[in-house]
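Peer 1: Residue numbers (this note's numbering), protein chains in the order written: chain A, 157 to 342; chain B, 157 to 342.
All residues carry an ideal CB built from backbone N, CA and C; glycine is no exception.
Quick one: the structure is below, and I'll ask about it shortly.
Number of protein chains: 2
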Amino acid sequence: MNISNILDQIHELPEKSKLALQNNVSEIAFSKGHILLKANKIESNIYFIKKGLVRAYVERDNEVTFWFGKEGETVISMKSYVEDQPGYENIELLEDCELYELKTENLRKLFNEDVHIANWGRKFAEKELIKTEERLISKQFKNASERYLELMKDHPELLQRVQLGHIASYLGITQVSLSRIRSEIK
Amino acid sequence: MNISNILDQIHELPEKSKLALQNNVSEIAFSKGHILLKANKIESNIYFIKKGLVRAYVERDNEVTFWFGKEGETVISMKSYVEDQPGYENIELLEDCELYELKTENLRKLFNEDVHIANWGRKFAEKELIKTEERLISKQFKNASERYLELMKDHPELLQRVQLGHIASYLGITQVSLSRIRSEIK
DNA sequence: GAAAAAATTTAACAAATGATAAAAAATGCA
DNA sequence: TGCATTTTTTATCATTTGTTAAATTTTTTC
């Protein structure tokens, strides 16, 4: 997935604005297991995933996974990006990844200079918001097995690429409960 | 809470841009029980709450409340606003309300014309996103009584203004469970 | 202020999920 | 290939939350 497609997929941009963004993007690769963003730290970059898979998790007694990101998606510490404050999430690579890197600082400059890029950034946040809102609502009505079936339907490839412990955590249940649910479904 | 404060609280705006926004805002009042936004309908306005309290809920077998809005907050069907598609939420007034009304269509025009307003819209979505993300994470680690205590701490006034059935639904539990939790805490 | 309606609590039992431990299966690596 | 490690499943019991119904309290209305 190339950077031009990724940017357009968020919101279409005039050629000139898109180039301005692309000029601030560099490519970088890390291998599986690498921690890309760290909790309790102000992050100064955002990343677009060219290839690979990552997860966001919060540490408490246990680790709670609350997001998976794959090709075309954006890796970002919202707290850093929006409020310039340390975020709560760690981002771990679940596969070797190729990434596009963009400095938040440069993006902010572009937001102030170019109305198209400002609206692109607005669309980005709006779309993320809708996804998050839908998950919150799903969590509020559906029990664990319904949420599992929903995930299988919407993102079947995740089940191939992610170990079940992380999936269970993402669904808000223990791995043991997920195993039980899976055995009941068959 | 006046419109100028509300707009600035989202993100500060140069005087000229703020006036451009304010010129598109009109005042309107409805009484308790009124349904301000309807599910399965493309909404063409957004509202800022000058005075009063509302809730957003989704209908299934039962009603699930997933948001409360009070003075200074924005009432919006994200699906309509972002994707021009019918939203899933109803917005009901829990108290008599005074509102500022803004046509989505006019706001969109301003987004394209004024970089300050585009960035204001970006900040709005970003801040809403952070709030939603925090709720999702809270839902993922915390059990019902922890979430109740958190709500009591962060928004104690809600408990005075909203009936417990709605609070229970917002917390993702039944009213009976909430009663049990409340009796165990005392 | 009394009757009616609505909201909240209590109780008893059912169902879903968690915790812990052990067994089985899959994966990684020498 | 075969051993060690990690992941997943299974089993048992504990805890939390849901369901239903009834009792109590609060609010609304006449």
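1) In whole angstroms, give me the CA-to-CA distance for Ser-160 (chain B) and Asp-310 (chain B).
2) In angstroms with no decimal places, state the Cα-to-Cα distance between Leu-263 (chain A) and Leu-177 (chain A).
3) Are the beta-carbon atoms of Glu-250 (chain A) and Lys-188 (chain A) separated by less than 9 Å?
4) Measure the beta-carbon distance from Asn-246 (chain A) to Leu-193 (chain A) and round it to whole angstroms, keeping in mind my assumption that it falls under 8 Å.
5) Using a beta-carbon distance below 9 Å, is Lys-174 (chain A) in contact with chain B?
6) Any chance the stretch 195-204 of chain A sits against the stretch 228-239 of chain A, with 3 or more Cβ pairs inside 8 Å?
7) I want to know whether the stretch 282-299 of chain A touches the stretch 209-221 of chain A - three or more CB-CB distances under 8 Å.
8) Using a Cβ-Cβ cut-off of less than 8 Å, list which residues of the stretch 283-306 of chain A approach chain B; keep chain order.
9) Taking 9 Å as the threshold (beta carbon to beta carbon), is Val-332 (chain A) in contact with chain B?
10) List in chain order: all unbroken beta strand (DSSP E) runs of 3+ residues lying wholly within the stretch 183-269 of chain B.
11) Exposed or buried, Ile-273 (chain B), counting other C-beta atoms within 10 Å across all chains shown (16 or more means buried)?
12) Quick check on Phe-224 (chain A) - is its C-beta less than 9 Å from some C-beta in chain B?
13) I need the DSSP call for Val-271 (chain B), collapsed to helix, strand or coil.
14) Please state whether the Cβ-Cβ distance between Leu-320 (chain A) and Arg-338 (chain A) is less than 9 Å.
15) Name the chain A residues whose beta carbon is nearer than 8 Å to that of Met-234 (chain B)?
16) Figure out for me which residue from B:Leu-292, B:Leu-163 and B:Ala-185 has the closest Cα to the Cα of Tyr-244 (chain A).
17) Using a C-beta to C-beta distance shorter than 9 Å, which residues of chain A count as neighbours of Gly-328 (chain B)?
18) Does any heavy atom of the ligand NAD sit closer than 8 Å to the C-beta of Thr-230 (chain A)?
19) I want to see whether chain B comes within less than 9 Å of Asn-268 (chain A), judged by CB atoms only; does it?
20) Which stretch, first to last residue, makes up the alpha helix (DSSP H) that contains Glu-168 (chain A)?
21) Between the alpha carbons of Met-308 (chain A) and Val-332 (chain A), how many angstroms are there, rounded?
22) Can you give the Cα-Cα distance for His-190 (chain A) and Thr-330 (chain B), rounded to whole angstroms?
23) Any idea what DSSP makes of Val-318 (chain B), helix, strand or coil?
24) Please list, in chain order, all residues of the same chain as Lys-226 (chain B) whose beta carbon is under 7 Å from its beta carbon, the five residues on each side excluded.
25) Using a cut-off of 7 Å between C-beta atoms, extract the partners of Gly-277 (chain A) located in chain B.
26) Determine the closest residue to Gly-228 (chain B) out of B:Ala-324, B:Glu-290, B:Phe-280 and B:Glu-171, with distance taken between C-alpha atoms.
27) Can you list, in chain order, the residues of its chain with a C-beta nearer than 6 Å to that of Ile-232 (chain A)? Leave out the 5 residues immediately preceding and following it.
28) Counting only the same chain and skipping the five closest in sequence on each side, list residues whose C-beta sits under 8 Å from that of Pro-170 (chain B).
29) Can you give me the start and stop residues for the alpha helix (DSSP H) that Ile-337 (chain A) sits inside?
30) For Ser-325 (chain B), which option in B:Leu-163, B:Lys-174, B:Phe-186 and B:Ala-212 has the closest C-alpha, if you only look at C-alpha atoms?
31) Residues of chain A with CB closer than 7 Å to the CB of Arg-343 (chain B), please, in chain order.
32) From A:His-167, A:Ile-162, A:Leu-258 and A:Ile-166, pick the residue whose C-alpha is nearest to that of Glu-183 (chain A); which is it?
33) Check each candidate in A:Glu-340, A:Ser-173 and A:Asn-179 and name the one with the smallest Cα separation from Ser-301 (chain A).
34) Verify the CB distance criterion: does Glu-313 (chain B) have a CB-CB separation below 9 Å to chain A?
Peer 2: Straight from the coordinates:
1) One C-alpha to the other measures close to 25 Å.
2) Put simply, the backbone Cα of Leu-263 (chain A) is about 8 Å away from that of Leu-177 (chain A).
3) Note that residue 250 (chain A) is Leu in the sequence shown here, rather than Glu. Inclusion of Leu-250 (chain A) and Lys-188 (chain A) in the CB contact set at 9 Å is warranted, their separation being smaller than that value.
4) Yes, they are in contact, since the Cβ atoms of Asn-246 (chain A) and Leu-193 (chain A) sit about 7 Å apart, within 8 Å.
5) Taking Cβ atoms only, chain B never reaches closer than 9 Å to Lys-174 (chain A), which makes this a no.
6) Using a C-beta cut-off of 8 Å, the stretch 195-204 of chain A makes contact with the stretch 228-239 of chain A, since at least three inter-stretch Cβ pairs fall below that distance.
7) No contact exists between the stretch 282-299 of chain A and the stretch 209-221 of chain A.
8) For the stretch 283-306 of chain A, the set of residues with a beta-carbon nearer than 8 Å to any beta-carbon of chain B comprises Lys-283, Glu-284, Leu-285, Ile-286, Thr-288, Glu-289, Arg-291, Leu-292, Ile-293, Lys-295, Gln-296 and Phe-297, in chain order.
9) For Val-332 (chain A), the closest Cβ of chain B is not nearer than 9 Å.
10) Counting only runs of at least 3 residues, the stretch 183-269 of chain B fully encloses the following beta strand (DSSP E) elements, listed from N- to C-terminal order: 191-193, 201-207, 209-215, 219-226, 246-249 and 253-259.
11) Result: buried.
12) So, not an interface residue.
13) Helix at Val-271 (chain B).
14) Their beta carbons are under 9 Å apart, which means Leu-320 (chain A) touches Arg-338 (chain A) by this criterion.
15) Chain A residues near Met-234 (chain B): Glu-282, Leu-285, Ile-286 and Glu-289.
16) Out of B:Leu-292, B:Leu-163 and B:Ala-185, B:Leu-292 has the C-alpha closest to the C-alpha of Tyr-244 (chain A).
17) Think of a sphere of 9 Å around the beta carbon of Gly-328 (chain B): the chain A residues whose beta carbon falls inside it are Lys-295, Gln-296 and Phe-297, in chain order.
18) Judged by which ligands are present, the structure shown has none, so any question about the ligand NAD falls away.
19) Yes, Asn-268 (chain A) lies at the interface with chain B (some Cβ there is under 9 Å from its Cβ).
20) Segment: none, Glu-168 (chain A) is in no alpha helix (DSSP H) and carries neither H nor E.
21) One Cα belongs to Met-308 (chain A), the other to Val-332 (chain A), and the distance between them is close to 18 Å.
22) A direct Cα-to-Cα measurement between His-190 (chain A) and Thr-330 (chain B) gives close to 42 Å.
23) The answer is coil: DSSP assigns Val-318 (chain B) none of H, G, I, E or B.
24) Cβ-Cβ distances below 7 Å link Lys-226 (chain B) to Ile-205 and Leu-209 in the same chain, with the five nearest sequence neighbours on each side left out; the list follows chain order.
25) What Gly-277 (chain A) touches in chain B: Arg-278.
26) Cα-wise, what sits closest to Gly-228 (chain B) is B:Phe-280.
27) In the same chain as Ile-232 (chain A), and ignoring 5 residues on each side of it, the C-beta atoms closer than 6 Å to its own belong to Ile-202, in chain order.
28) Cβ within range, chain order: His-272.
29) In this chain, the alpha helix (DSSP H) harbouring Ile-337 (chain A) covers 331-341.
30) Closest by alpha carbon: B:Ala-212.
31) Because residue 343 (chain B) is not part of the residues shown, which for chain B are 157 to 342, the question remains open.
32) Check the Cα spacing between Glu-183 (chain A) and each of A:His-167, A:Ile-162, A:Leu-258 and A:Ile-166: the tightest is with A:Leu-258.
33) For Ser-301 (chain A), the closest C-alpha among the options A:Glu-340, A:Ser-173 and A:Asn-179 is that of A:Glu-340.
34) So, not an interface residue.
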